[in-house]
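Take a look at the structure set out below.
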Amino acid sequence: MNTIARAIDALNEGFGRLIAPLLAVITLIVIYDIAARFFIGRPSDWAFDVTKMLFGAHFMLMAAYGLRHHAHVEVDVLKRLLTRRKQAALELLGYLLFFVPFIWMLLTFGWAFFERSFSRGETTYGMMSIPVYPVKGVIVVAALLLLLQAIAIVIRACGELRKEGAA
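Just so you know, the numbering used here puts 72 at position 71 of the sequence shown, and the rest follows in order with no gaps.
Below you can see the structure in the form of structure tokens.
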């Protein structure tokens, strides 16, 4: 089971490292748009829509990487006072009761959101009609990566409960 958890960690680590440089691309597009506005007196027709979509994709795709590195906000005031076994039990309970059902809903509704956008050929309303469905598809990918990372966390919590129970 730890092999599965490590594989999930490696997947999200690799994916996070692959997606992280997207922020530099977004920055370059913004700089280009500012320069065009300043020197030519006219912003590009596409930069705002592209940066908005890329930033949304970046934010969503980095969520599992953040969860893997415990970068999300946690209220652990009481958790720190508990034993490791009770911490693992609380984590297991929290993920199974709250996190996994939320991610399941995100997957279900995200897929419907993507599918509707794809079937209609939805595009942006700007001067350039940029397809929107790829960004909506990112919701599904991000939810899958988050679900996998939650599985890794649950595997570790179960391992901690078994280890403490055997001692």
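Backbone N, C-alpha and C fix where the C-beta goes; we use that ideal spot for every residue, glycine too.
Where residue i sits in the DSSP three-state scheme
{"i": "Pro22", "result": "coil"}
{"i": "His70", "result": "coil"}
{"i": "Trp105", "result": "helix"}
{"i": "Leu93", "result": "helix"}
{"i": "Arg43", "result": "coil"}
{"i": "Leu147", "result": "helix"}
{"i": "Leu55", "result": "helix"}
Environment of residue i [buried if 16+ CB atoms lie within 10 Å]
{"i": "Asn13", "result": "buried"}
{"i": "Ile154", "result": "buried"}
{"i": "Tyr66", "result": "buried"}
Residues bridged to residue i (per DSSP)
{"i": "Thr28", "result": "DSSP, once it has assigned bridges, lists no residue as partnering Thr28."}
{"i": "Thr124", "result": "Pro132"}
Euclidean distance between Cα positions of residue i and residue j
{"i": "Tyr33", "j": "Phe114", "result": "32 Å"}
{"i": "Phe49", "j": "Thr28", "result": "12 Å"}
{"i": "Gly95", "j": "Arg18", "result": "28 Å"}
contact_flag[the stretch 6-21, the stretch 141-158] where n(CB pairs < 8 Å) is 3 or more: yes
Segment contact flag, the stretch 68-84 with the stretch 109-126, C-beta cutoff 8 Å, min 3 pairs: Counting Cβ pairs under 8 Å, fewer than three are found: no touch.
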